[in-house]
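This report concerns only the one structure given below.
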């Protein structure tokens, strides 16, 4: 299938927002999505953007059954290891179900790796659910390591009240 | 004990670099550190910095047995959730052993939470080793959730040859 991968523009944010929700439905957490396309426009297309995004687009004649031509996206940002330096973190990788099996996911992933290498990143990282065997197998087949299994890394989060409590206890300048 | 927490300057990078190595020794991976203070200077103090850092400083009269006044640091950057938006990620939190028990670690953590809230971040995240019970207990006592335990998140990485292979397979524009 003919498809093109290109950097997202501000005008793509509605389409990205639709696919963010589709992915959340796939991972069984649709009620977790609190972000709007206006917030994506604000945070991704400003002076120091919080993220970057690639989209996969098909020609009009291959559009989805619902009429969409944006059929996948890779949402990423830059992080930093105090041991190794610049890294790129892939937050989301998604291809609409009816377009899978055409190399689009692989193309998006490789393109993020290429963008990262151009920025002198030495790592590409991401997180997956333990039950998400298709994704884990997809990454493993391409040479990724599972660091939770091999080194015992756990993922920790403060949010809501626990984040407010912490911030309120900060020493005064 | 008297201490001050302030944003790091370029001149602090040598001291931060020393403490990065001390922390790597503590987590039993000193041979993993490949980053120099010159790289920290370049990547943290440029137009679009890859990270931010807070340092904890004690007065000259309380300096360490080896003569250091920088006794702790918190190294962080901004990430982004496609469900919740702006987030802050704490890569390293470290206090020199002889200065522990004085609230410096707690002060650094709270200050990162405060900085994050000012930037409208809704999450503060980090990773810890499963064997690092002191750190896991420290974060849990302050209200953090372990997402690897509660939701099954695994941490995945491409680096070295697997990253090069991916990048080389990227579709041409």
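Protein chains in written order, with this note's numbering: chain A, 810 to 982; chain B, 810 to 982.
The beta-carbon is built from N, C-alpha and C at its ideal position, and this holds for glycine as well.
- A residue is called buried when at least 16 other Cβ atoms come within 10 angstroms of its Cβ; residue 880/B meets this threshold and is buried.
- Short of 6 Å from the beta carbon of residue 840/B, and not among the five residues preceding or following it, lies no beta carbon of its own chain.
- At a C-beta separation below 8 Å, residue 980/A has these neighbours in chain B: 814, 916, 919, 920.
- Assigned with DSSP and collapsed to three states, residue 822/B falls in helix.
- Counting of Cβ neighbours within 10 angstroms places residue 909/A among the exposed residues, the total staying below 16.
- Residue 946/A and residue 953/A have their C-alpha atoms roughly 9 Å apart.
- At a beta-carbon threshold of 7 Å, the residues of chain B lying near residue 891/A are 829, 844, 884, 900, 901, ordered along the chain.
- The three-state secondary structure of residue 890/B, taken from DSSP, is strand.
- Using a C-beta cut-off of 8 Å, the region 934-946 of chain A makes no contact with the region 915-927 of chain B, since fewer than three inter-stretch Cβ pairs fall below that distance.
- The criterion of a C-beta distance shorter than 7 Å is not satisfied by residue 956/B and residue 932/A.
- Within the model, the alpha-carbon separation for residue 958/A versus residue 857/B is close to 34 Å.
- DSSP, read as helix, strand or coil, puts residue 866/A in strand.
- According to the DSSP secondary-structure assignment, residue 968/A is paired through a beta bridge with 932/B.
- Take the alpha-carbon of residue 853/A and the one of residue 882/A: they are about 14 Å apart.
- Bounds of the alpha helix (DSSP H) holding residue 915/A are 913-927.
- Annotated as proximal: residue 832/A and residue 903/A, with beta-carbon spacing under 7 Å.
- Residue 829/B is not a Cβ neighbour of residue 818/A, given a cutoff of 7 Å.
- If you check each beta-carbon in the region 938-949 of chain B against every beta-carbon of chain A, the ones closer than 8 Å belong to 938, 939, 940, 945, 948.
- Non-local beta-carbon contacts of residue 888/B in its own chain, meaning distances under 6 Å to residues more than five positions away in sequence, involve 896, 898 in chain order.
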